[in-house]
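With my numbering as the guide, the letters of the sequence shown map in order to residues 261 to 619.
Here a beta-carbon is modelled for each residue, glycine too, at the ideal position from N, C-alpha and C.
Keep in mind it's a predicted model, so treat the numbers as computed, not measured.
Working notes, structure below.
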Amino acid sequence: MAELKNLSEISWQDFKKLTLAEKGCYFHGRHTLIAQQFTREEIEELCTLATRIKRINKRREGANFLKGLLRDKRAMLYFAQPSSRTYLSHNAACQILGLDTMDVRDQKTSSEVKGETPEDTVRTFSSYADIIIMRHPVGGFAERVAWMMAHTKREIPILNAGSGADQHPTQALLDIYTLQRSFEKTGGVDGKHVAFVGDLARGRTVRSLAWMLTLYKDMTLYFIAPEALQIGQDILDLLDEAGTKYVVTEDFESIMPKADAIYMTRIQDEWDVEGESSTTDASDYHIGAEHMKIIKDTTVILHPLPRRLEISTEIDNDPRAVYWRQMRNGMWIRAALILKTFGRDDEVHQYYDDYKPEA
Ligand code: CP
261 MAELKNLSEI
271 SWQDFKKLTL
281 AEKGCYFHGR
291 HTLIAQQFTR
301 EEIEELCTLA
311 TRIKRINKRR
321 EGANFLKGLL
331 RDKRAMLYFA
341 QPSSRTYLSH
351 NAACQILGLD
361 TMDVRDQKTS
371 SEVKGETPED
381 TVRTFSSYAD
391 IIIMRHPVGG
401 FAERVAWMMA
411 HTKREIPILN
421 AGSGADQHPT
431 QALLDIYTLQ
441 RSFEKTGGVD
451 GKHVAFVGDL
461 ARGRTVRSLA
471 WMLTLYKDMT
481 LYFIAPEALQ
491 IGQDILDLLD
501 EAGTKYVVTE
511 DFESIMPKAD
521 AIYMTRIQDE
531 WDVEGESSTT
541 DASDYHIGAE
551 HMKIIKDTTV
561 ILHPLPRRLE
571 ISTEIDNDPR
581 AVYWRQMRNG
591 MWIRAALILK
601 TFGRDDEVHQ
611 YYDDYKPEA
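Structure (structure tokens):
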């Protein structure tokens, strides 16, 4: 990690010109805004912390210990786009750690409808909270908020729970955590072949995860989508820069037997400009019982969810279908991230070492 920098010392115009890696130096350890701000070491540290929190929480005395850690803190959950998992898992993570939560889940219920700017809206939230966890349709708005807060006397951590079609860093963390746990007995994440399938052009989860996987050795990524929904050149450029191998193809069935992980995604028609989803045939980007004979016994199937028709419910109980577990992992990794953001992670490690809760 390059030298850490202070957001209060850069103008917005200069900040906007930075590369993602350069921006990461301004967020590191305080805000969680982009996948590119994390090192592999930090991701692995969060995964270890998540597992420890999960184990400690299994016993009542452990749960009480966790609940006391951030009892003096309040979190504001500002979700200006629909969400089930990200909202609920962050809320649950806060509850595990004792934070009180407040929320605005519909902009129509905030004073934005009276013409208040989004910037003033978030600044208002910051008056009552110690952390803002936010999802917003405008790409880069969470960064703008972090920059703005750094120029006030009340810089509080901003955690990006999904911004525009560009970033979903906490989803990428939970995806990595799921891959790490899935491959615990088969050599870890390094060297694996990961296939991304579906709407890759507008899937912020894919964009964040694909980059995070460049931190692992000898990876091969497959981007499988109809031409109109294929992954953006900006992500391929980042992979080239990182030296990560990749294949761009429309042929899902030929990749199925090679993949160690298959990351399915739904068509994100909420981003349509001219109804382009309705003119794109995505029926081949589907996985069902017939495909389970083609994929390896050790392959895992992930999906950030929600799903539509791209995964048949008939495979839900196959041990290779890990998307429900992946969703639950989100709560633990988000608890780890919030705890780390407030610098209270050492207490969990100490408790874990003292009491050694069972797996
Ligand atoms: N994966 C995800 O972001 O799900 P939600 O939109 O339900 O939060």
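When rounded, the separation of the alpha-carbon atoms in A410 and E536 is 40 Å.
Annotation for G289 indicates a beta carbon at 7 Å or more from all heavy atoms of the ligand CP. Proximity annotation: the ligand CP has residues P342, S343, S344, R345, T346, Y347, G422, H428, Q431, T465, P564, L565, P566 in chain order, each selected because its CB is closer than 7 Å to a heavy atom of the ligand.
Inclusion of H453 and D511 in the CB contact set at 8 Å is not warranted, their separation being larger than that value.
Residue pairing from DSSP places V364 in a beta bridge opposite Y338. The straight-line gap separating the alpha-carbon atoms of D613 and E301 is approximately 20 Å.
With respect to the C-alpha of A340, the residue from G458, K505, G424 having the closest C-alpha is G424. Contact check between the region 572 to 586 and the region 436 to 447: three or more CB pairs, one atom from each, fall below 8 Å, which counts as touching. Each residue's CA atom was taken as its position, placing G358 and L562 some 30 Å apart.
Counting every other CB atom within 10 Å of its CB across the protein chains shown gives A502 a total below 16, marking it as exposed.
When the Cα atoms are used, Y506 and T292 turn out to be separated by approximately 27 Å.
Bridge pairing for H396: S423 [DSSP]. For T381, the enclosing alpha helix (DSSP H) starts and ends at 378 to 386. Here L330 is buried. Its C-beta has 16 or more other C-beta atoms within 10 Å. Its chain contains no residue whose beta carbon lies nearer than 8 Å to that of K445 once the 5 sequence neighbours on both sides are disregarded. Listed in chain order, the non-local C-beta contacts of G590 below 7 Å within the same chain comprise R345, S349, L434, local neighbours out to five positions each way being set aside.
Looking at the DSSP output, F483 sits in a beta bridge with F456, V508.
Taking all protein chains in view, the Cβ of W407 is crowded by 16 or more other Cβ atoms within 10 Å, so the residue is classified as buried. In summary, S514 is exposed, with fewer than 16 beta-carbon neighbours lying within 10 Å of its beta-carbon over all protein chains present. DSSP places Y437 in the helix class (H, G or I) of the three-state scheme. For a cut-off of 8 Å, the C-beta gap from I522 to V466 is around 12 Å, too long to register as a contact.
The Cβ-Cβ distance between E530 and H546 does not fall below 8 Å. A Cβ-Cβ distance of about 7 Å is found for the pair I598 and I391, placing them in contact under the 8 Å criterion.
By the 16-neighbour rule on beta-carbons within 10 angstroms, D578 is exposed.
In the DSSP assignment, M591 falls outside any beta strand (DSSP E) and within the unbroken alpha helix (DSSP H) covering 583 to 601. V533 carries a coil assignment under DSSP once its states are collapsed to helix, strand and coil. For I416, there is no enclosing beta strand (DSSP E), as DSSP marks it with neither H nor E.
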